[in-house]
Structure formats: structure tokens, C-alpha cells
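See structure below.
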Amino acid sequence: MTHADDVTWMERAIELSRKCPPAEGAFSVGAIIVSADGEELAHGYSRETDAHVHAEESALAKLTADDPRLAGATLYSTLEPCSERKSRPLTCTQLILRSPIRRVVIAWREPSLLVADCVGVETLRTKGIEVGELSDLADQARAVNAHLLT
Numbered sequence: 001m002t003h004a005d006d007v008t009w010m011e012r013a014i015e016l017s018r019k020c021p022p023a024e025g026a027f028s029v030g031a032i033i034v035s036a037d038g039e040e041l042a043h044g045y046s047r048e049t050d051a052h053v054h055a056e057e058s059a060l061a062k063l064t065a066d067d068p069r070l071a072g073a074t075l076y077s078t079l080e081p082c083s084e085r086k087s088r089p090l091t092c093t094q095l096i097l098r099s100p101i102r103r104v105v106i107a108w109r110e111p112s113l114l115v116a117d118c119v120g121v122e123t124l125r126t127k128g129i130e131v132g133e134l135s136d137l138a139d140q141a142r143a144v145n146a147h148l149l150t
């Protein structure tokens, strides 16, 4: 994927994040999984299927873990994948690590608002996942979460 492709997919993920029902104490996040040849495989957003589902979790749940297209896929998420979670047994970081996905692109690192020290990016990188950051789109991802940041 080129940088321009990454920007296009992240802009789409930001659009998805706008579909999230705003919730006190929860970020609105969009996620898209894209195959190596540029095909959207799945997408999700926070609270899409229940009050606790995260965007990455929702997108990953729409595919089987052994889907061969995941090996070359990129997961785009408007926010750093969570590394702590109370509502589910696995964090989004753990779910990504259990998948064949080896590339993740984010727009915004999780601030210490709800979790003191999110280490999703660092954990993924330590485990050999390539993580890209599109910090030039962070303001757009943050804007969707103005309900938490004011």
C-alpha cells in the first residue's frame, strides 16, 4: 500500500467512526481490514453490534481467523488498538496478534483519558507487526470524540 492508499482507507475509517453511538467513557472508533490487493475485507465501528464492541473487534469478527487474505492485509483503525479492557476477555491488541494480520495503521494514539498507559502500538511492534501512524489525520479522529475531550 502507498501512503496515498493509507490516507484514503483511514479517511474511510474516520467516516465509519462517525456512525458510532456516542457513549460516555468510550471512544468512537472506525476500523477497516484491507487485503494486499486493495479490497475491503471487513469494517467495523465502536458499539456497532453491542454496547461494548470495539471497532477492530467488530471488523475481525466478520472474517474467519483462517481467511487466507488476512496474511497480507492491513488493519486501519482511527485509534490505537486497546491494550487494556474490562468488558471482554481479550484486548484488540491481543485479537490482532491472534490473527494473520501483520500491518496496522492508526491515526491517533490513545490518550491517557480512560487508560493510563495504552501500549497497543508498542506491543504490536514488539511482536513483529508493522505499525504505521498517520498523525496528519489525528485531528479528524479526535474530532469524532469531542464528547469525551471537552
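Residues in the sequence shown are numbered from 1 upward in steps of one, following the UniProt record's numbering. Every residue gets a Cβ at the ideal spot worked out from N, C-alpha and C, and that includes glycine.
- In this structure, the beta-carbon distance from Ser-83 to Val-119 falls below 8 angstroms.
- Cβ atoms of Tyr-76 and Ala-143 stay farther apart than 8 angstroms, at about 17 angstroms.
- A Cβ-Cβ distance of about 25 angstroms is found for the pair Ser-17 and Thr-64, leaving them out of contact under the 8 angstroms criterion.
- When the five nearest sequence neighbours on each side are left out, the beta carbons in the same chain lying within less than 8 angstroms of the beta carbon of Thr-123 are those of Ser-83, Thr-93, Leu-97, in order along the chain.
- Bridge pairing for Leu-75: Ile-33, Val-104 [DSSP].
- The Cβ-Cβ distance between Val-7 and Leu-134 falls below 8 angstroms.
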